Amino acid sequence: MEENGDVKLEIRNIPAGFTYNDLEEFADARGWLKTDEYASEDTDEWYLTYRSESEAVRIEIDSESQINGSVVNNVIIQSDPIDVTGDKELYNRLCAQAVRKDLRVQVDDTKGLWNQLRGSPDYETDDAPSEETFEQLSNAAEQVRAQLVCQRTSLKTTVDDLEEIVSEMESAYSELADN
Numbered sequence: 004m005e006e007n008g009d010v011k012l013e014i015r016n017i018p019a020g021f022t023y024n025d026l027e028e029f030a031d032a033r034g035w036l037k038t039d040e041y042a043s044e045d046t047d048e049w050y051l052t053y054r055s056e057s058e059a060v061r062i063e064i065d066s067e068s069q070i071n072g073s074v075v076n077n078v079i080i081q082s083d084p085i086d087v088t089g090d091k092e093l094y095n096r097l098c099a100q101a102v103r104k105d106l107r108v109q110v111d112d113t114k115g116l117w118n119q120l121r122g123s124p125d126y127e128t129d130d131a132p133s134e135e136t137f138e139q140l141s142n143a144a145e146q147v148r149a150q151l152v153c154q155r156t157s158l159k160t161t162v163d164d165l166e167e168i169v170s171e172m173e174s175a176y177s178e179l180a181d182n
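Residue numbers (the numbering used here): 4 to 182.
So this is what it looks like as C-alpha cells:
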C-alpha cells in the first residue's frame, strides 16, 4: 500500500491464535488440570500450563508474540518422558509413533551428551538420534529418556487442534503400553 509516496506494508486478518479466556474455557470443559498460570491485564501477556485429563500430556501456552496487535501464542505440547535406556525396540516404536502422529521425539540423557552433539557445528539436526547414536548414548549415560513433542505457534492452530494433538499423544502412549 502506498501512503504519501512511501510504501507501507499492512498485515490484516491473520488468524493469530486464541485468547486466555478461550483456552481456559476450552480446557475446563475437557477436564484439563491447570498447573501454572500468569495473566497481566496491563501488557495483555499471559501464560497457561495444563495437564491432560489422563495427566500424561503437558500443554503449555505462552503469549510472548504479537502480530499487528493480535496475540500469537507459543504452543508446546509434550508427553511425559519415558526411560528408553538400552531399549532400542521401545525407542524405535516411540519414533515410529511420532512419525505416524506427525510429532517429534525429544531425547535427553543424564550426561547431556545428546544436547552437546546437537549443539556442535558438525551436527545439524533437530531430529531424534539415529539408532547408532541412541546405542552410544545408552552406553555412555546412566539414563536416556525420550518424549513426544509438538511445538508451534497458534497461528492457524485452534483450541480444537490442541485437543487433537493431545489425543494423538495419549493414543501413542497407549499403543506403546499395549506392546
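Ideal placement from N, C-alpha and C gives every residue a C-beta, glycine not left out.
In this text the structure is predicted, and so the values were computed from the model without any measurement.
Bridge partner(s) assigned by DSSP for residue i
i, result
"S82", "V60"
"A42", "W49"
"L151", "V108"
"N24", "DSSP lists no partner for N24."
"N95", "For N95, which the question treats as bridged, DSSP gives no partner whatsoever."
"L140", "The partner list for L140 (beta bridge, DSSP) is empty, contrary to what the question assumes."
"D65", "Y50 and N77"
"K37", "Y53"
"T156", "N77"
Residue j beta carbon less than 7 Å from that of residue i
i, j, result
"K3", "A144", "The requested residue 3 is not part of the displayed model; the chain covers only 4 to 182."
"A59", "E171", "no"
"Y50", "W35", "no"
"F137", "Y176", "no"
"G20", "N76", "yes"
Supposed close pair residue i, residue j - CB separation, criterion 8 Å
i, j, result
"G89", "S55", "Not a contact, Cβ separation roughly 29 Å."
"N118", "D111", "7 Å"
"I80", "L26", "About 13 Å; that fails the 8 Å criterion."
"Q146", "D65", "Not really, about 28 Å apart at Cβ, beyond 8 Å."
"R96", "L179", "6 Å"
"E134", "K91", "6 Å"
| message | Could you check whether the stretch 103-115 touches the stretch 145-155, counting it as contact only if at least three pairs of C-beta atoms, one from each stretch, sit closer than 8 Å? | response | yes
| said: Whether or not the stretch 155-167 and the stretch 41-48 are in contact is what I'm after, with contact meaning three or more pairs of Cβ atoms, one per stretch, closer than 8 Å; do they touch? | reply: no
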